[in-house]
Amino acid sequence: MFRIQYDTDVTTWSPAGRLFQVEYAMEAVKQGSAAIGLRSKTHAILACVNKANSELSSHQKKIFKVDEHIGVAIAGLTADGRVLSKYMRSECINYTYSYESDLHVGRLVVQLADKAQVCNQRSWKRPYGVGLLVGGLDESGAHLYYNCPSGTYFEYQAFAIGSRSQAAKTYLERRFENFTDSSRGSLLKDALFALRETLQGEKLTSTNCTVAVVGVGEAFHVLDIETIQGLINEFELAGEEEALAATIDAVADAESAVPEASDAPTDEGAAPMDI
Amino acid sequence: MFRIQYDTDVTTWSPAGRLFQVEYAMEAVKQGSAAIGLRSKTHAILACVNKANSELSSHQKKIFKVDEHIGVAIAGLTADGRVLSKYMRSECINYTYSYESDLHVGRLVVQLADKAQVCNQRSWKRPYGVGLLVGGLDESGAHLYYNCPSGTYFEYQAFAIGSRSQAAKTYLERRFENFTDSSRGSLLKDALFALRETLQGEKLTSTNCTVAVVGVGEAFHVLDIETIQGLINEFELAGEEEALAATIDAVADAESAVPEASDAPTDEGAAPMDI
Amino acid sequence: MFRIQYDTDVTTWSPAGRLFQVEYAMEAVKQGSAAIGLRSKTHAILACVNKANSELSSHQKKIFKVDEHIGVAIAGLTADGRVLSKYMRSECINYTYSYESDLHVGRLVVQLADKAQVCNQRSWKRPYGVGLLVGGLDESGAHLYYNCPSGTYFEYQAFAIGSRSQAAKTYLERRFENFTDSSRGSLLKDALFALRETLQGEKLTSTNCTVAVVGVGEAFHVLDIETIQGLINEFELAGEEEALAATIDAVADAESAVPEASDAPTDEGAAPMDI
Amino acid sequence: MFRIQYDTDVTTWSPAGRLFQVEYAMEAVKQGSAAIGLRSKTHAILACVNKANSELSSHQKKIFKVDEHIGVAIAGLTADGRVLSKYMRSECINYTYSYESDLHVGRLVVQLADKAQVCNQRSWKRPYGVGLLVGGLDESGAHLYYNCPSGTYFEYQAFAIGSRSQAAKTYLERRFENFTDSSRGSLLKDALFALRETLQGEKLTSTNCTVAVVGVGEAFHVLDIETIQGLINEFELAGEEEALAATIDAVADAESAVPEASDAPTDEGAAPMDI
Amino acid sequence: MFRIQYDTDVTTWSPAGRLFQVEYAMEAVKQGSAAIGLRSKTHAILACVNKANSELSSHQKKIFKVDEHIGVAIAGLTADGRVLSKYMRSECINYTYSYESDLHVGRLVVQLADKAQVCNQRSWKRPYGVGLLVGGLDESGAHLYYNCPSGTYFEYQAFAIGSRSQAAKTYLERRFENFTDSSRGSLLKDALFALRETLQGEKLTSTNCTVAVVGVGEAFHVLDIETIQGLINEFELAGEEEALAATIDAVADAESAVPEASDAPTDEGAAPMDI
Amino acid sequence: MFRIQYDTDVTTWSPAGRLFQVEYAMEAVKQGSAAIGLRSKTHAILACVNKANSELSSHQKKIFKVDEHIGVAIAGLTADGRVLSKYMRSECINYTYSYESDLHVGRLVVQLADKAQVCNQRSWKRPYGVGLLVGGLDESGAHLYYNCPSGTYFEYQAFAIGSRSQAAKTYLERRFENFTDSSRGSLLKDALFALRETLQGEKLTSTNCTVAVVGVGEAFHVLDIETIQGLINEFELAGEEEALAATIDAVADAESAVPEASDAPTDEGAAPMDI
Amino acid sequence: MFRIQYDTDVTTWSPAGRLFQVEYAMEAVKQGSAAIGLRSKTHAILACVNKANSELSSHQKKIFKVDEHIGVAIAGLTADGRVLSKYMRSECINYTYSYESDLHVGRLVVQLADKAQVCNQRSWKRPYGVGLLVGGLDESGAHLYYNCPSGTYFEYQAFAIGSRSQAAKTYLERRFENFTDSSRGSLLKDALFALRETLQGEKLTSTNCTVAVVGVGEAFHVLDIETIQGLINEFELAGEEEALAATIDAVADAESAVPEASDAPTDEGAAPMDI
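Protein chains in written order, with the working numbering: chain E, 4 to 278; chain R, 4 to 278; chain S, 4 to 278; chain A, 4 to 278; chain U, 4 to 278; chain B, 4 to 278; chain D, 4 to 278.
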């Protein structure tokens, strides 16, 4: 009952040493539609589920190009994500202007995290309500980071965030050991299969997903709709699904059972401003 | 009962990761009188319902010209909408002054959304209580965007906002597939029919609606009252209504039933400052 | 019971999308003594009821000259009205100084409304508690606007605000169709008759009302007491009252019945600082 | 019970459109010791009751010279009054320095009222708790204004403020019609008689009152104690009291009855910081 | 019960027009140890009771020299008093530097009062919790003022503040008529006798009191301990006590009865930070 | 029950003279994963437990290099720790730039503590939620400090912070007397054994711990994974465990019993943003 | 019950004229470990009890050198004490730089007190939670001051602050009359005996106390551990204890009885951040 006392202000610690407002902001990430990322030594791939407000609208953009060598996929409060990706963009431009070289992915990620920390220690701001998967390529190879509202970041081989991301994470955990040396094509396949896990029975098509790639010799870009449909057709036509089905048996079970029970209701109650 | 704890301050997250104050501001959009927008490849049309405070007054202006190639229709708190359209106007002027070309519609929409985001992260401001349908034409053709109080925006083929907009949306959803290649005249017809849906039995006349057009070779302008009356007469005289009636059968049913039950009371309780 | 949560701060939205503090400020306008405005194509007339604190004092000034071509009548918190009319005055002077022409009435009204909007979005200010009837003449003819605390404005043919203004509005609604082409004299007569409606049985004299005129070839000025008394005498001597009585029959009934029942108590409880 | 919600902050409107904090500040004026003002065409007189904290102290100064042609008498929070009269003084000096002529009384009064208005619209200040009777002489003759905490002002022929001022007002209302053409001496007599009304039986002496005069050919100055005693003696010795008694019969009755019942207790509870 | 609503913030008026926080600050003055002041035409004397925290400490300094011609004795929050006397010191220095003459006592007192007023009208400060007796000599003779937390000041012939000051005030009231023409020695005697009244049976010695003098030909200085002891001895040896006893009979009675009953408990509960 | 009154704001003292918000921030340190430090005369060693969010991610970095001669290990809110280590880094760089010598460890620690103190005395910030073990080498030898959220610091021979650090502290207390003269290798062994104590039965491997060394002739650096695994193998292969088992018998008992009961649940409830 | 209303904000006066937040901060001083000070004409000695967090850490430093001629011992919030001693240090340096002489002890103490006062009058800061014993030597001899959180200071012959300081104060009160003319050695003995009083049965050793001296021909310095142990041995070996026992009989009784009952529990509940 008294717990209420400590959870309305980001500058108030709870007696157990927690900042509830930061945790609540992290809840907003879970409400967003799913985004995933994965990388090999040479390529990083970001993908997300497209959700349109209605038949009439295009879907909300959730993957942003930051620089030639960096992109970001977001889950949570879109407006916050857009503002942060704009910040990243201008950091990259300033760096390139000053040093005539590209900003390292890891360095940009730290600056992004520091910006988030500032919002968590001032009484007149609120924590950002968005999680960011940052994928990029620099001299040390391809990278994938996850920046969260608490001002922390993690380097990942592969990760999924947003609603129903658990199924995708389970898929990625079973496969990630092969990712380091994956070919670009193989990574794309895994990205699409992982994304399908979050769709909960819905069919994956070129219209309900967005996929972006950055890699050696390939600037960050979002794949066009024909390419994606081509990939989807290729993988499914080849009877891949059955072959894979055996491998990811348990996952499929989980997919049909768990999400319907636990994730769906959360989704129903999703904040209307967050797509 | 405890939910109250999290909904009075825009910088406070709820435990479920929602910003209630932003959602409440979005409620103000629903209280405003209806506005609709639709576009073909070459034209964008904005229309809205005119509501006068009394017989004595002219109606509140809800469609604003932003630049030769951009206009905006608002629903919600009129004062907020006017201030934002003024901001858009000065952004366009500054851009043209600096670059000697027109600001792209999409770019203006992002700046507008960023301005809204700022109000959602500071404790001493409040979210804007207005939704904006931005229609415009640039090199990439005609565009229609919806900017909402949460700081997000969507690109639409056609959209309707404000009170009793659901009926208009249903109409637009049935017709929008033809819009891309519609002629200017055909788009205008659809705009007027969609608008009529929001009137709930009231007759559409040249005095209770405003319609604006921007298109190839045609700067953004509000149609004069004679033109609108002409259009209304033309469409109705041609027995269009009956022809259409079959097509939009279900819609008509919904129109007579639903709005009276659910929308009307909301309207009664509308905030007096919001027309 | 919970409604209380949302009505003490102007930056807090209610769950239904309303800003209660703005609505409460609009209540202050209703408490003020009545002011009316009406216009023809060539003339705008402002009039108000004079209320003195006591026999010993002159009445509180409620009509202010803004510029040669613009004036304003207020109802509500006098101090707020005075500060706003001062702002208008300096806007006009600055404009004339810069452009060597008169500021258009409509343009001034927008600036005034924008100023009000700012107070409605900052936590450390309060909405202005005053309504302003702005009458003026520019190249496009005579104009009458009403600016309200919410930051919105309306153009009117004729309008009345303040306590017991309903009776005046009813009178004006019956007559306004003739106003556009009214002569100056005829407009003045309607102004005085409308004002009389708000007096609730009290006799209209040159001391309990103020009337101001602006028109083609006539700078904004308050009529002197002899002129007003002359007009009152003229209209009443001519047996006008009886002739009119038939016309405005229902109004008269309403006048004797309604105000005594509903308006009077409101008046009793009027804020002491507001005359 | 719920009224409490709206009366602790000057930036909060009550649902009925009132600013309670401003009204409460006006209550402070009523708690102050009485001050009166009256004027003829050529002279303005300010007078107040002297109240000393104890036998040991001189009385608190309540009448301040502002300029050669303007003075002020206050009731309420003395510190606020002193600060405001200082502001008036420096406005007069600045004006004279810039324009080499005297600041008009009415103009100064507006500036004073504007200063009060500012305090009524910011959350981090409080309304001034003082009422000011401003008396002065300029090209248009002698003037008397009352500035109140709400930021409004009134022009008066004669007025009284502070505790037990009702009796003085009643006296003045019966007499004010003669004031315009009164001689200086006659005005002084009325000032003293009005002041006596507020003393509730206590005898008027040169030590318990202060009187100041400004007029044609006479700079603003406080009368010395001998002059006042001389006036008191003169009026009373001449059996004036009896002559007047008939005239102001009802007043006298009111004086003996009303104040004792209603005003006295208010006085008892006067704020200790306010003399 | 509801009174609580208005007494925690200095910018909040109570419904009766009082500022409780200012009154509470004045309560702090009453809690301080006693200080007295008195003056003749040529001399001003300040005296106070010394209270040490323990045997181990010297007593807290309560009389400060401001300039050659001005000094101050305080009761209440010592830290506030010290900061204010520092302010006075620098005002005197600045004045002398600019004008090559001494700052008049009355003028300094107004500046001091204005500084206090500022703290009473801003929400982020608190009223000073100290009362100051300012004694000084200028061209118009010796002066004694009392500045209180409310931002008001009074000129006194003689005054006493702080705990158990009532007995001293009673003594001074009986004697003050002679003070104007008193000799320096006679004033000192009255100062010591008045101070003794506040000691409540305790013996007056040179260690439990401080006495300071400023006068014609005598800069402000604190008397040394031998001088004071000499004065104490002189007055008591001369059987003065008995002679005086008759004169101040009623006082003595009051002294033995009243203070023990009413003042002592107040003293017990004195704020620990206030000596 | 009333204790709640004093624990939501860092600028509010409790009646017992405590700052609860500072104590709560210190609780956040206890929630973080364990970190230990120890030093001989010539070497300082920092070590911590690695915790990864999931299989997919690398572990969160908890040991940071500050300068060639200084490093820091953190427990608590990672974002705060990162920001503070960045501050330390720039202090070192600035010092070296200005003085061309290394900043002394103790001096840096004081600056760090002062920065923490500032957050504990302003109402619009919150205390940092992180504890820092600062290890470094300067002219006076190797040093180990602990900086805590309260703005205090302590010099240690050896210390452990974070969850389940009690077992490590017990181990260190039994051994620390030998540390001053320990060889580098012996210190490393003690570091690994102490760290193992915090793992609660889990096996210590090169992947679940990080170890960093700074010493004479050895700049601060994190040991690579092979080196650590080599050390682990060396110590365990040598049957060291059994030999030590006798020595640290009581500790082992405590390890198996206490942590499971008391520490584990705390860990379960750890703030999700804190690794 | 209502007292709660006034004790959470340092800018709020209680109805009895107290600032509870300042008093609560003074409570923090009582929670700190004991510190004592005493002085002769020529020497000032500061001493305090050392408390280490654990066996592993050095004790928290509580005595700081400010300048060659001044030092300070603190009790309470260490971080606040460190920040204030740093302020004192820079004041001394600045003074010496400007005037080429040492800053007088009393002058520094006033500046320190003024700094504390500022924190007690602003709503966004909190009072410092530390008491400071300032010992120093200047032209007027050796001095000892106590600065407390309220912004007041006292000059002492000898004083003790912090937990269980009462026993030391009792000892000092019995002995202080001899201190003025004490030799350096005799003062040191008294310092150690007084310190022992606060240890409550615990044995005084060179490791659980710190002693610092400043005197004629002797800059401020902390005695090294051998010197202190030497003094302890010397005094105890000489059978001093028995000789003294008689003298301080009552004290010893109080020591064994009182502290165990009343002081110990307070100590148990000491704020963890305060050593």
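We put the beta carbon where it would ideally sit given N, CA and C, even for glycine.
* Measuring alpha carbon to alpha carbon, tell me which of D105(R), G109(R), D117(R) ends up nearest L87(R). => D117(R)
* Check the Cβ of L86(B) against every Cβ in chain E and list those closer than 7 Å, keeping chain order. => This sequence places Val at residue 86(B); Leu is not what is there. The answer, in chain order, is D117, Q120.
* Proximal residues to V137(E) (C-beta, below 6 Å), its chain only, five neighbours per side dropped -> V75, V112, Y148
* Asked: Which value, in whole angstroms, describes the spacing of the CA atoms of H72(U) and D193(U)?
  -> 21 Å
* In its own chain, which residues sit with a C-beta less than 7 Å from the C-beta of Q114(E), not counting the 5 before and 5 after it? -> E94
* Asked: Nearest chain D C-beta to S36(U) closer than 7 Å, yes or no?
  -> no
* Provide the residue span of the beta strand (DSSP E) that contains K68(D), from first to last. => 66-70
* **Where Y9(D) falls, given that 16 or more other Cβ within 10 Å makes a residue buried** => buried
* To do: For the alpha helix (DSSP H) holding T81(A), just list the boundary residues, first then last.
  => 81-102
* To do: Identify every residue that forms a DSSP beta bridge with N150(U).
  => L135(U), Y156(U)
* Buried/exposed call for T183(E), threshold 16 Cβ in 10 Å -> exposed
* By how many angstroms is the C-alpha of E30(S) removed from the C-alpha of S153(R)? -> 30 Å
* Under 9 Å (Cβ pairs) to chain E, residues found in the stretch 20-32 of chain B -> F23, Q24, V25, E26, Y27, A28, M29, E30, A31, V32
* To do: Name, in chain order, the residues that DSSP records as bridge partners for K141(D).
  => Looking at the sequence provided, one finds Asp at residue 141(D) rather than Lys. D141(D) is bridged to G144(D).
* Pull up the CB-CB distance for E58(R) and E176(S), whole angstroms please, since I reckon it's below 8 Å. => 5 Å
* **Cβ of G138(R) within 7 Å of any chain E Cβ** => no
* If the cut is a Cβ gap below 8 Å, which residues of chain A does E158(U) touch? -> S60, S61
* Asked: Using the beta-carbon count (16 or more within 10 Å), is L22(D) buried or exposed?
  -> buried
* **8 Å CB neighbourhood of V261(U) in its chain, flanking five on each side removed** => Annotation note: pLDDT 37 at V261(U) (below 50); position unreliable, coordinate value reported separately. Result list for V261(U): Q169, A170, in chain order.
* Taking F162(S) as the query, report the chain R residues whose CB atoms sit under 9 Å from its CB, ordered along the chain. => N56, S57, L59, S60
* **Cβ neighbour criterion (16 or more within 10 Å) applied to W127(D)** => exposed
* Identify the contact partners of Q124(S) in chain R, using a Cβ-Cβ distance below 7 Å as the criterion. => K128, R129
* Assigned secondary structure, G20(A) (DSSP; H/G/I helix, E/B strand, else coil) -> coil
* Asked: Does any residue of chain S bring its CB to less than 7 Å from the CB of I208(R)?
  -> The sequence given here has Thr at residue 208(R), not Ile. No, its Cβ sits nowhere closer than 7 Å to a Cβ of chain S.
* To do: Would you mind working out which of V217(S), N236(S), T210(S) sits nearest K54(S), comparing C-alpha positions?
  => T210(S)
* Asked: Based on Cα-Cα distance, which residue from A28(B), F223(B), T208(B) lies nearest to E239(B)?
  -> T208(B)
* Assigned exposure category for R110(U) - 16 Cβ within 10 Å defines buried -> exposed
* Asked: Is the CB of A171(E) under 7 Å away from at least one CB in chain R?
  -> no
* To do: Report buried or exposed for I66(U), applying the criterion of at least 16 other Cβ atoms within 10 angstroms of its Cβ.
  => buried
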